[in-house]
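I have placed the structure first, in the form of structure tokens, so that the comments after it can refer back to it.
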Amino acid sequence: MMILHWSAIAAWAIAAIISVEVIRDLYHALAHVWPPLTRLHNWHHRVFRPDLTPNSALIYRQAQWYNDVPESCVMIAFSLALWGLAWCLTPEVAWGCGAGVLYSLVFLLSAMARGMGWAWAHDLTDVTHLPGPFQTPPSRWWVNRPYHWRHHFENQNAYFCSTLTVVDQLMGTALSLKGKTIAVTGASGTLGQALLGQLQANGAKVIALTSGHQPIELNGHEIPSQRWQVGEEAALAETFANVDILVINHGINVHGDRSPDAIEQSYQVNAFSAWRLMEVFLSTVDGDRDRVRKELWVNTSEAEVNPAFSPLYELSKRTLGDLVTLRRLDSPCIIRKLILGPFKSNLNPVGVMDSDRVAAKIVKRAQGDVRNIIVTINPITWVLHPLKELTVSLYFRWLTRPYPVSEICANQDISSKL
Ligand SMILES: NC(=O)c1ccc[n+]([C@@H]2O[C@H](COP(=O)([O-])OP(=O)(O)OC[C@H]3O[C@@H](n4cnc5c(N)ncnc54)[C@H](OP(=O)(O)O)[C@@H]3O)[C@@H](O)[C@H]2O)c1
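Residue 0 is where the sequence shown starts when you use numbering that gives the first Met the number 0, and the numbers rise one by one after that.
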């Protein structure tokens, strides 16, 4: 009975803290669309230079009084209202909600301390605005400096969250594609075309990477494209230097063929060329801006965990899936996997899903910052893939040595290593 009582108090406390964080993020999003709040919030956007040093000590202090203090007051007001509601519902355990009030009070006091110009308050409490090089890519669940930097310097209409990233994930503002240069391999294929269309519709500048000779068109217009071939991945290094997101999407299915040529082709096209493209792309991640902005999306297929009724397709796609899992451990930028079920295409004429809908879902989930994007009608994949990804990733982490990010990026001559 006692355990139940304390669990209920703890549940209210956690709910109160999470909900004030949600209110804070919604208030922030509102401040970008409602002019009375925008006027106050603009002070916050005037404060920082791209290296996150403040423009002026005076503007920094004023931004605290005009933006952070009102924001904290809204948090306090909401947490008091929630406490009142809890009091009506479960009076014996409602005081757990006091945690939300206390939490919001800490924000108010630290905003006031920063407004007074006390440097220690900035260093101790304004952690997403501290200068210094970024050590990691934007994180998935907690807002780190690289995550928040994008709100100031990439797209102010995205990346609204302050501590937890959940509100951005739900609003689809955890990744902005607007203005980003996105290159897609397998561009003339069914999914390649659908992805290019969806990405362009979401504001991206698209580049088609194709092994064919035909110009690539979208909506009747030719789009920028570049020819490449398996084995000549290093020739794309110059292009990749100006690409924000590379989508590795090309692939083949040799079906029932088990000849040495089929083995060679399956591994070269589906696994090794994709791995080489990954390495060339990662070698172009140079500096903080790239670490924050660049991403790799790799189409591995649900054949990673399920039969695709084509052994060489499964073998090569599993190899690719494992290589991505291994490479993610030291990646200087975000790497997403696309784990797709059967859709109708040149490669799979009997696929049941529609490629345009698959592409739309991929883009939507990426905007919610999903790192393993599963689009399938097969429920087993939803269970098996996360389990496989976790266990294989832990296994690789325990049995291999870290490879320093500095070795990967910054002007490596990658062609000599592939
Ligand atoms: N369809 C499915 O059910 C399904 C399910 C899960 C995953 N996938 C994966 O989704 C991706 C796209 O497949 P899709 O279904 O859209 O098939 P698709 O229409 O056949 O497109 C595949 C594209 O890959 C490129 N490609 C083929 N052979 C190549 C080679 N030797 N070297 C370089 N590029 C080559 C070609 O594009 P270019 O000529 O423009 O280079 C081709 O159009 C593949 O990776 C596939 O494995 C498909």
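We put the CB at the ideal spot given by N, CA and C, even for glycine.
Identity of the residue in the options nearest residue i by Cα
i	options	result
N298	S78, R317 and F280	R317
S187	H249, A302 and R45	H249
L101	V391, S71 and L84	S71
G255	A240, S272 and F308	F308
P137	M1, L174 and V246	L174
A359	L194, F77, W86 and E20	L194
D396	Q366, R327, I361 and V362	According to the sequence as given, residue 396 is Arg; it is not Asp. Comparing Cα positions, the closest option is R327.
Y312	I251, Q366 and G99	I251
W381	A120, S300, L314 and G350	S300
Y402	V304, P378 and L281	L281
H31	M115, C160, A236 and L398	C160
G131	Q197, F106, A118 and D287	D287
S18	C87, A76 and S344	A76
P49	N41, W148 and L108	W148
L393	D243, V21, G350 and L325	L325
E221	M277, T162, V126 and I206	I206
V253	P310, G202, A203 and E232	P310
I22	H44, S78 and Y59	S78
V242	T180, P378, K336 and I16	T180
M277	M352, Q264, E263 and F239	F239
Q134	H44, V126 and R144	R144
D368	L84, L295 and L107	L295
Supposed contact pair residue j and residue i - C-beta distance, whole angstroms, cut 8 Å
i	j	result
A270	L322	7 Å
R113	Q63	4 Å
T375	L339	6 Å
R290	P331	5 Å
Y266	S315	5 Å
L198	V362	6 Å
M74	S103	4 Å
V279	A236	5 Å
T124	W141	About 16 Å; that fails the 8 Å criterion.
I244	A273	No, I244 and A273 are not in contact; Cβ-Cβ is about 15 Å, not under 8 Å.
First through last residue of the alpha helix (DSSP H) which encompasses residue i
i	result
T318	P310 to R327
N41	P34 to V46
E70	V68 to L88
L295	Here L295 belongs to no alpha helix (DSSP H); instead the beta strand (DSSP E) covers E294 to N298.
V246	From DSSP, V246 is part of no alpha helix (DSSP H) but of the beta strand (DSSP E) over I244 to I247.
P49	It is not in any alpha helix (DSSP H) - P49 carries neither H nor E in the DSSP assignment.
V142	That residue, V142, is in no alpha helix (DSSP H); it is neither H nor E in DSSP.
M352	Segment: none, M352 is in no alpha helix (DSSP H) and carries neither H nor E.
I251	It is not in any alpha helix (DSSP H) - I251 carries neither H nor E in the DSSP assignment.
V268	Taken as a continuous stretch (DSSP letters only), V268 belongs to no alpha helix (DSSP H), as it is neither H nor E.
M111	G97 to G114
Q61	A56 to A62
Simplified DSSP assignment, three categories, for residue i
i	result
T180	strand
K204	strand
N410	In this prediction, N410 scores a pLDDT of 48, lower than 50, which makes its location untrustworthy; no coordinate-derived value is stated.
T124	helix
L346	coil
M170	helix
S18	helix
M1	helix
A9	helix
E221	strand
E263	helix
T238	helix
E216	strand
L163	strand
T283	coil
T135	coil
Start-to-end residues for the beta strand (DSSP E) that takes in residue i
i	result
Q225	S224 to R226
K336	I333 to L339
Taking the runs of the alpha helix (DSSP H) that are 4 residues or longer, which of them lie wholly in the stretch 360–413? 378–398 and 404–407
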